[in-house]
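Protein chains in written order, with my numbering: chain C, 1 to 113; chain U, 1 to 113.
Report on the following structure.
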């Protein structure tokens, strides 16, 4: 398909385990974003990649969270030593760049037991 | 700090009735403003956006929004609601020189036949 895809769609893990969430942006989109949507909360910005520039990590809630974007395309969000408060839907979006519409993926629902 | 407030957590309307969803923002400069809709099990979809120019913005699915600088508001309206409009609606502000979006906590719209 032509949209943003994310995998897995659902992930259940035990507290303390590491998880990796994957995002495939729309081909040709130079900007990629990760957001987190917790129950009863709005969407919270996590990290932003734009081309070859250094990522904007200002939204990452702790050093347990990290993200990479390889080859300017696929991105992986890694959460180490997961905690129950990490349970949320993690959304990825991509765009053609500044001032362009962000297209969102369906999200990965993470449940930490 | 920038923020977005959606004062109505849940709104119920009858099909065919008019709709107005409120959004207030806090931002020092001219904001980039967005409305997104999230249907159950779906990703976020952009309804409309305001960057500059005409303060009344037309979007998809018959929605419109009006930017009022004096009131720091960007309310979403639709003259006649359809049952398929039942979803969660998010207002967001984009910060100057960046694409990071700050979202409100959302308004859940329920439509009765």
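Ideal Cβ placement from N, Cα and C applies to all residues, glycine included.
As a beta-bridge residue in DSSP terms, residue 87 of chain U pairs with U:109.
For residue 20 of chain U, the enclosing beta strand (DSSP E) starts and ends at 19-21.
Among the residues facing chain U, residue 56 of chain C is included, as its CB has a counterpart in that chain under 8 Å away. For the 8 Å CB-CB criterion, residue 6 of chain C and residue 108 of chain C form a contact.
Proximity of residue 48 of chain C to chain U, defined by a Cβ-Cβ separation below 8 Å, is satisfied. Note that the C-beta distance between residue 24 of chain U and residue 73 of chain U is below 8 Å. For residue 24 of chain C, the enclosing beta strand (DSSP E) begins and ends at 19-24.
Residue 40 of chain C and residue 62 of chain U have their alpha carbons spaced roughly 27 Å apart.
The distance from the Cβ of residue 38 of chain U to that of residue 48 of chain U is about 15 Å, inconsistent with a contact at the 8 Å cut-off.
Among the CB atoms of chain U, one or more fall inside 8 Å of the CB of residue 45 of chain C. DSSP assignment within the segment 33-103 of chain U yields the following whole beta strand (DSSP E) runs of 3 residues or more, N-terminal first: 44-50, 56-58, 64-68, 73-78, 87-94 and 101-103.
Considering only C:78, C:19 and C:36, the residue with the shortest C-alpha distance to residue 105 of chain C is C:36. The residues 36 and 37, in chain order, have a CB closer than 7 Å to that of residue 45 of chain U in the same chain once the five nearest residues on each side in sequence are set aside. Excluding sequence positions up to five before and after residue 74 of chain C, its CB lies within less than 6 Å of the CB of 24, all in the same chain and listed in chain order. According to the DSSP assignment, residue 12 of chain C belongs to the beta strand (DSSP E) that extends over 10-13. In this structure, the straight-line span from the alpha carbon of residue 47 of chain C to that of residue 86 of chain C is close to 15 Å. According to the DSSP assignment, residue 75 of chain C belongs to the beta strand (DSSP E) that extends over 75-79. Looking at the DSSP output, residue 24 of chain U bridges to U:5 and U:73. If you look at residue 70 of chain C, you'll find it isn't in any beta strand (DSSP E); DSSP assigns it neither H nor E. Between residue 80 of chain C and residue 15 of chain C, the gap from beta carbon to beta carbon reaches 8 Å or more. Here the alpha carbons of residue 11 of chain C and residue 53 of chain C stand approximately 30 Å from one another. A residue is called buried when at least 16 other Cβ atoms come within 10 angstroms of its Cβ; residue 83 of chain U does not meet this threshold and is exposed. Interface residue (Cβ-Cβ distance to chain U less than 8 Å): residue 104 of chain C is classified as such.
Annotation: the continuous beta strand (DSSP E) that includes residue 95 of chain C extends over 88-95.
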